[in-house]
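> Starting off with a structure, shown below.
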């Protein structure tokens, strides 16, 4: 079950929701066909609950939103990109454990 | 509280161990750092697991395993193990989130992960053309040219899978014949989109913001050439996920855990099953068999 704290972003609202966000944003680029994306989903859910109010946790379906992944040169999923003030702070490719993601988040809070 | 058994890893070995441990009414649970599945999740189609003659996806099989394990009372908990420490007759498991679990036995079923080539450009271009998962990243290479490195079952199966998207797939192998089983090798040779690059190794992955080409060495002629590609998929074998038990249980020089035929490691109360264990055949069907054996051994040894 997906956490209701997770924001679904699209090509249309990416700039507004992510780049112009006051809070740092972690975006999980995923697709239904991708096994490792499914594998990290529960970790993303937990982070959305635990970092509520500190970091926005967002997901973008790359099948439905091809423009944004192209903009960031994404050719592998899952890719997690951490944004702060519209800039890329960290990019993580592939399925990783929670601690790797938490180490990245610790740089922005 | 002290558990009977903690199963570390929720792939086929761990989930099969959970089915048997659950039915034996052992107290414990499965610890998984992500969600259940392991390497099976990146497999496009499982065609050799008994009972499914039509084949099924890795997802589907894992969902069945996972539901089956939970049916017999074994929970799957989220957590990543940092270390294991024997204390008297018990074992303490420390998790990366500072939790500690005390148990009478442990089944290590942490599996394996992809081996890297170890060449210049590999780390730099991960996610920008370098991939270890064709089912995840294949769709990003529609009508493009990709290379697959390796000659075993995984390499050949994934090369065939990639022909659904790519207009051309080079299969680069260090020898002049495939190691893959015949049914897969024949399928690859019959595929017009696959071109074999024999006796060759990748020396460097080159590009700018994306992968653009590979520097290839032909081991027979000694000649170096450049192969223009948009992506490279690497399937050259696996490395066991056993760092957290290094120095505790006996392993071979590659890190695979040594066990007896009951799946007992060199440490009392610690068992190993699946791809993290030293063995001749790394398959789902052997992983589940070992998981079952390990759970049976736990039950036997605790009695």
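Chains as they are written, first to last, in this note's numbering: chain C, 247 to 355; chain W, 589 to 891.
Idealized CB from N, CA, C, for every residue including glycine.
#1: Count the C-beta pairs between the stretch 692–701 of chain W and the stretch 875–885 of chain W that are closer than 8 Å, then say yes if the count reaches three, no if not.
#2: Could you tell me which residues DSSP puts in a beta bridge with residue 329 of chain C?
#3: Which one of W:663, W:742, W:615 has the shortest CA to CA distance from residue 632 of chain W?
#4: Taking only three categories from DSSP, how would you classify residue 798 of chain W?
#5: Any beta-carbon of chain C closer than 8 Å to the one on residue 636 of chain W?
#6: Which chain C residues sit within Cβ distance under 7 Å of residue 719 of chain W?
#7: If you follow the beta strand (DSSP E) that residue 656 of chain W is part of, which residue opens it and which one closes it?
#8: With three or more C-beta pairs closer than 8 Å as the rule, is the stretch 717–729 of chain W touching the stretch 817–826 of chain W?
#9: On a CA-only basis, which of W:756, W:779, W:737, W:592 is nearest residue 767 of chain W? Give me that one, please.
#10: Curious, which full-length beta strand (DSSP E) runs of at least 3 residues does the stretch 275–317 of chain C contain?
#11: Which value, in whole angstroms, describes the spacing of the CA atoms of residue 348 of chain C and residue 318 of chain C?
#12: Along the stretch 662–678 of chain W, where does the CB come closer than 8 Å to a CB of chain C? Name the residues.
#13: Would residue 280 of chain C pass as a contact of residue 723 of chain W if the rule is Cβ separation under 8 Å?
#14: Distance check for residue 785 of chain W and residue 598 of chain W, CA to CA, integer angstroms please.
#15: Considering only their Cβ atoms, is the gap separating residue 622 of chain W from residue 341 of chain C smaller than 8 Å?
#16: Check whether the stretch 708–717 of chain W and the stretch 787–800 of chain W touch, using three or more Cβ-Cβ pairs below 8 Å as the test.
#17: What beta strand (DSSP E) runs, 3 residues minimum, are completely inside the stretch 826–872 of chain W?
#18: Would you check if there are 3 or more beta carbon pairs closer than 8 Å linking the stretch 859–873 of chain W to the stretch 593–607 of chain W?
#19: Residue 303 of chain C and residue 323 of chain C - do their beta-carbons sit closer together than 8 Å?
#20: How many angstroms separate the CA atom of residue 676 of chain W from the CA atom of residue 833 of chain W?
#21: Between the stretch 720–738 of chain W and chain C, which residues of the former have CB atoms less than 8 Å from a CB of the latter, in chain order?
#22: Thinking residue 775 of chain W and residue 788 of chain W are a contact (beta carbons under 8 Å), I'd like their distance in whole angstroms, please.
#23: Would you report the Cα separation of residue 641 of chain W and residue 282 of chain C, rounded to the nearest angstrom?
#24: With burial defined as no fewer than 16 other Cβ atoms inside 10 Å of the residue's Cβ, what is the status of residue 761 of chain W: buried or exposed?
#25: Do the stretch 747–763 of chain W and the stretch 679–690 of chain W touch if we need at least three Cβ pairs shorter than 8 Å?
The structure says:
#1: yes
#2: On the first chain, position 83 is the one that residue 329 of chain C refers to. Checking the DSSP bridge columns, you'll see residue 329 of chain C partnered with C:271, C:334.
#3: The sequence position of residue 632 of chain W within the second chain is 44, counting from 1. Comparing C-alpha distances from residue 632 of chain W to each of W:663, W:742, W:615 shows the shortest one belongs to W:742.
#4: Start at 1 with the first residue of the second chain, and residue 798 of chain W comes out as number 210. The answer is coil: DSSP assigns residue 798 of chain W none of H, G, I, E or B.
#5: The count along the second chain starts at 1 and reaches residue 636 of chain W at position 48. For residue 636 of chain W, the answer is no, since every Cβ of chain C falls outside 8 Å of its Cβ.
#6: As a working mapping, residue 719 of chain W is identified with position 131 in the second chain. Neighbours of residue 719 of chain W on chain C, chain order: 322.
#7: Here residue 656 of chain W refers to the residue found at position 68 when the second chain is read from its first residue. Residue 656 of chain W -> not in any beta strand (DSSP E); alpha helix (DSSP H) instead, spanning 646–659.
#8: The stretch 817–826 of chain W is in contact with the stretch 717–729 of chain W.
#9: One-based indexing of the second chain puts residue 767 of chain W at position 179. Of W:756, W:779, W:737, W:592, the residue nearest in Cα terms is W:737.
#10: As for any beta strand (DSSP E) of minimum length 3 sitting wholly inside the stretch 275–317 of chain C, the runs are 302–307, ordered along the chain.
#11: As a working note, residue 348 of chain C is residue 102 in the first chain. As a working note, residue 318 of chain C is residue 72 in the first chain. Straight-line measurement puts the Cα of residue 318 of chain C at about 22 Å from the Cα of residue 348 of chain C.
#12: 666, 668
#13: The count along the first chain starts at 1 and reaches residue 280 of chain C at position 34. The count along the second chain starts at 1 and reaches residue 723 of chain W at position 135. For residue 280 of chain C and residue 723 of chain W, yes; Cβs fall inside 8 Å.
#14: Position 10 of the second chain holds residue 598 of chain W. Position 197 of the second chain holds residue 785 of chain W. So the two alpha carbons sit approximately 37 Å from each other.
#15: The residue you call residue 341 of chain C lines up with position 95 of the first chain. The residue you call residue 622 of chain W lines up with position 34 of the second chain. Yes. Within cutoff.
#16: yes
#17: 826–828, 858–860
#18: yes
#19: Here the question's residue 323 of chain C lines up with position 77 in the first chain. Here the question's residue 303 of chain C lines up with position 57 in the first chain. Cβ distance not < 8 Å, so residue 323 of chain C and residue 303 of chain C don't count as in contact.
#20: By 1-based counting over the second chain, the position of residue 676 of chain W is 88. By 1-based counting over the second chain, the position of residue 833 of chain W is 245. In a straight line, the C-alpha of residue 676 of chain W is about 18 Å away from that of residue 833 of chain W.
#21: Answer set for the stretch 720–738 of chain W: 720, 721, 723, 724, 725, 727, 728, 729.
#22: One-based indexing of the second chain puts residue 775 of chain W at position 187. One-based indexing of the second chain puts residue 788 of chain W at position 200. 21 Å between Cβ atoms; not a contact.
#23: What you label residue 641 of chain W is simply residue 53 of the second chain in a count that begins at 1. What you label residue 282 of chain C is simply residue 36 of the first chain in a count that begins at 1. Spanning the two alpha carbons is a distance of roughly 25 Å.
#24: Walking along the second chain from the start, residue 761 of chain W turns up at place 173. By the 10 Å Cβ count, residue 761 of chain W comes out buried.
#25: no
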